[in-house]
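Novice:
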Amino acid sequence: ESKKRQGLIFTHDIAFLLDLQEKAGELIGIHFTAQTILQQNEAAGVPNDGLPWHAMSVKDRLEYLRNKLNEIKALCGAEMVRYDKAVAFLYALLRETWEATIEEVVFNKTIIRHGSEVQTFRLRQVGVTTEQYRVIDINMSKCSMWMAGHDKSKKLDVHRPAPNDVLADIDALSTFARECKKAGEALRIGREADLEPKVSNVG
111 ESKKRQGLIF THDIAFLLDL QEKAGELIGI HFTAQTILQQ NEAAGVPNDG
161 LPWHAMSVKD RLEYLRNKLN EIKALCGAEM VRYDKAVAFL YALLRETWEA
211 TIEEVVFNKT IIRHGSEVQT FRLRQVGVTT EQYRVIDINM SKCSMWMAGH
261 DKSKKLDVHR PAPNDVLADI DALSTFAREC KKAGEALRIG READLEPKVS
311 NVG
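All letters in the sequence shown, in the order written, are residues 111 to 313 by the working numbering.
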């Protein structure tokens with residue numbers, strides 16, 4: 111139908127949304143544009159370009175987090191109550207992005223929460239080192255410490271990290287994802303070589 115005219119589809123089903131995006135990419139001449147309808151500043155039905163948060167890739171989530179940090183960093187030192195609240199929510203999103211990174215990068219999309227299958231061939235690129243686990247554990251714990259929703263034993267006058275420190279935590283995830291992809295690619299090449307049939311020496 112989309113080959114003949116523009117179609118508008120409204121859905122709350124993220125799995126269905128991602129299936130539409132995938133199929134549009136497979137078909138020639140089909141364009142796919144995602145918009146998310148949100149409530150913003152007490153106004154309902156505000157359109158935003160792009161997929162909803164839970165359908166975003168890790169790359170898009172990192173860009174979103176950096177943009178949000180830029181929007182709130184001027185509050186630091188001027189309106190600390192608002193700043194602390196905003197950064198607490200940002201750390202909650204950062205923790206969710208670490209979880210998405212484990213799914214998308216560490217496990218190489220072998221299993222994805224909105225997918226319909228287990229792609230076992232992707233396991234050839236999956237391996238978790240002790241150092242990778244250490245980085246995940248440290249950063250997930252840091253997110254839990256600063257995010258909203260976790261009871262803290264800290265003093266009431268302790269504020270959330272400064273913007274530069276928050277950015278460093280976002281960049282730490284970006285670096286981890288990049289290095290994890292590189293390590294996974296090396297694993298894939300080595301495993302594919304091991305699975306190649308060996309040629310016997312003749313002579």
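Using N, Cα and C, we set each Cβ at its ideal position, and we do this for glycine too.
#1: Please report how far the alpha carbon of S167 lies from the alpha carbon of G187, in whole angstroms.
#2: Let me confirm a value: I246 is counted as buried when at least 16 other C-beta atoms fall within 10 Å, else exposed. Which label applies?
#3: From Q235 to T211, what distance separates their C-alpha atoms?
#4: Kindly give me the distance between the Cβ atoms of A202 and A258, rounded to whole angstroms, as I take these residues to be in contact under 8 Å.
#5: Could you tell me the alpha carbon to alpha carbon distance between P157 and F142, rounded to whole angstroms?
#6: Which two residues bound the contiguous alpha helix (DSSP H) that contains P273?
#7: Look up A153 in the DSSP assignment and say whether it is helix, strand or coil.
#8: Restricting to runs no shorter than 3 residues, where is the beta strand (DSSP E) found entirely within the stretch 142-215?
#9: Does the stretch 297-307 touch the stretch 172-184, meaning 3 or more C-beta pairs lie closer than 8 Å?
#10: For K114, which of E132, A125, I140 and T121 has the nearest alpha-carbon?
#11: Would you kindly work out how many angstroms separate the C-alpha atoms of L277 and L172, rounded to a whole number?
#12: Starting from A258 and walking both ways along the alpha helix (DSSP H), at which residues does that stretch end?
#13: Where do the ends of the alpha helix (DSSP H) carrying K133 lie?
Specialist: In short:
#1: 32 Å
#2: buried
#3: 14 Å
#4: 6 Å
#5: 16 Å
#6: P273 to L305
#7: strand
#8: 145-150 and 153-159
#9: no
#10: I140
#11: 10 Å
#12: Counting along the chain, A258 falls outside any alpha helix (DSSP H), and DSSP gives it neither H nor E.
#13: I124 to E136
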